[in-house]
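Residue numbers (the numbering used here): 205 to 425. Glycine included, every Cβ here is placed at the ideal spot set by N, Cα and C.
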């Protein structure tokens with residue numbers, strides 16, 4: 205469901221020190237745009253960002269980039285992140301947000317912007333076969349992510365959709381990613397490395413829908 209237009213979102217984002225208004229200008233320079241040099245994790249389709257807010261506080265030794273195409277959604281994300289950090293009496297120094305279409309990711313990031321991890325959380329499953337190429341786990345997208353991942357960098361993937369999950373396992377195998385872990389019921393797993401819930405995960409879990417998850421490592425081309 206598309207979010208209603210929020211007139212306040214753009215002005216608030218423009219005034220935010222952790223929103224990047226012209227991400228094209230950071231091509232090849234993202235790692236130098238944070239206060240501290242440290243590993244970078246990227247979330248694609250970050251939405252309202254309760255996930256990023258919690259991850260940023262849990263991992264102060266990691267820098268996070270959140271990308272979503274909707275400035276209205278990112279306006280809510282900015283408020284959520286600011287509130288979470290404010291409760292801890294902290295400034296937001298290890299998160300950057302930007303509004304951009306993910307299929308155009310190479311316009312704002314290149315091999316000089318390498319990240320240690322990419323998160324794909326509850327992306328659109330695009331269930332009709334003719335639309336599968338729009339999935340963020342589709343081979344064309346995986347090829348695009350590879351130059352941005354460090355050697356042995358990882359992609360962490362979560363979804364509620366059975367079809368998307370099964371197809372994605374095949375997509376990653378096709379693109380020579382190594383499957384490290386997978387589960388068809390994440391919340392029943394007791395040994396999963398770490399799980400911070402997203403807004404969609406909270407909603408689907410409350411409806412009794414099992415959450416599927418997998419961790420992949422970048423393989424050699």
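*So residue 245 is in the beta strand (DSSP E); what residue range does that whole segment cover?*
Counting from one through the chain shown, the residue named residue 245 turns up at place 41. Per DSSP, residue 245 belongs to the beta strand (DSSP E) from 244 to 248.
*Confirm, please, whether the CB-CB distance from residue 288 to residue 261 is below 8 Å.*
Along the chain shown, one-based indexing puts residue 261 at 57. Along the chain shown, one-based indexing puts residue 288 at 84. Cβ distance < 8 Å, so residue 261 and residue 288 count as in contact.
*Over the uninterrupted beta strand (DSSP E) stretch that includes residue 429, give me the two end residues.*
For the chain, the structure presents residues 205 to 425; residue 429 sits outside this window and is missing.
*Near residue 227, what residues of its chain come up, given a Cβ to Cβ distance below 6 Å and the 5 sequence neighbours on each side ignored?*
Counting from one through the chain shown, the residue named residue 227 turns up at place 23. Within the same chain, Cβ atoms closer than 6 Å to the Cβ of residue 227 are found at 302, 304 and 312, the five residues on either side in sequence being excluded.
*Where residue 339 falls, given that 16 or more other Cβ within 10 Å makes a residue buried*: As a position in the chain shown, residue 339 is number 135, starting the count at 1. By the neighbour-count rule (16 or more Cβ atoms within 10 Å), residue 339 is buried.
*Can you tell me the Cα-Cα spacing of residue 264 and residue 284, whole angstroms?*
Within the chain shown, numbered from 1, the residue matching residue 264 stands at position 60. Within the chain shown, numbered from 1, the residue matching residue 284 stands at position 80. In this structure, the CA atom of residue 264 is about 17 Å from the CA atom of residue 284.
*Distance, Cα to Cα, residue 205 vs residue 361?*
Within the chain shown, the letter at position 1 stands for residue 205. Within the chain shown, the letter at position 157 stands for residue 361. For residue 205, the predicted structure reports a pLDDT of 46, less than 50, and the residue's modelled location is therefore unreliable. A value from the coordinates is still provided. Straight-line Cα distance between these residues: approximately 21 Å.
*Does DSSP put residue 275 in a helix, a strand or coil?*
Here residue 275 corresponds to residue number 71 of the chain shown, with the count starting at 1. Correct three-state label for residue 275: helix.
_The beta strand (DSSP E) enclosing residue 410, as first and last residue numbers_ = Along the chain shown, read from residue 1 onward, the residue named residue 410 stands at position 206. Element bounds for residue 410: not the beta strand (DSSP E) but the alpha helix (DSSP H), 403 to 410.
_contact_flag[the region 351 to 358, the region 370 to 377] where n(CB pairs < 8 Å) is 3 or more_ = Taking 8 Å as the limit for Cβ pairs, the verdict is that the region 370 to 377 does not touch the region 351 to 358.
*In whole angstroms, what is the alpha-carbon distance linking residue 250 and residue 397?*
If you number the chain shown from 1, residue 250 lands on position 46. If you number the chain shown from 1, residue 397 lands on position 193. Within the model, the alpha-carbon separation for residue 250 versus residue 397 is close to 20 Å.
_Looking only at its chain, what residues have a beta carbon closer than 6 Å to the beta carbon of residue 372, apart from the 5 residues adjacent to it on each side?_
Along the chain shown, read from residue 1 onward, the residue named residue 372 stands at position 168. Counting only Cβ-Cβ distances below 6 Å, and skipping sequence neighbours, we find 341.
*With a cut-off of 8 Å on the beta carbons, I'd call residue 352 and residue 319 a contact; round off their distance for me.*
Here residue 352 is taken as the residue at index 148 of the chain shown, counted from 1. Here residue 319 is taken as the residue at index 115 of the chain shown, counted from 1. Confirmed, about 6 Å.
_Cβ-Cβ separation, residue 363 to residue 254 (assumed contact under 8 Å), whole Å_ = Locating residue 254 in the chain shown gives position 50, where the first residue counts as 1. Locating residue 363 in the chain shown gives position 159, where the first residue counts as 1. Not really, about 17 Å apart at Cβ, beyond 8 Å.
*Alpha carbon to alpha carbon, how far is residue 407 from residue 419?*
Along the chain shown, one-based indexing puts residue 407 at 203. Along the chain shown, one-based indexing puts residue 419 at 215. For the pair residue 407 and residue 419, the Cα-to-Cα distance works out to about 22 Å.
*asked:* Looking at residue 275: is its Cβ nearer than 8 Å to the Cβ of residue 213?
replied: Within the chain shown, numbered from 1, the residue matching residue 275 stands at position 71. Within the chain shown, numbered from 1, the residue matching residue 213 stands at position 9. Yes, they are a contact pair.
*Neighbour-count burial assignment, residue 417, 16 or more Cβ in a 10 Å radius*: As a first step, residue 417 must be located in the chain shown, where it is residue number 213. Residue 417 comes out buried.
*asked:* On the CB-based measure, 16 or more other CB atoms within 10 Å of its CB, does residue 368 come out buried or exposed?
replied: Within the chain shown, residue 368 is the residue found at index 164, counting from 1. Buried is the call here.
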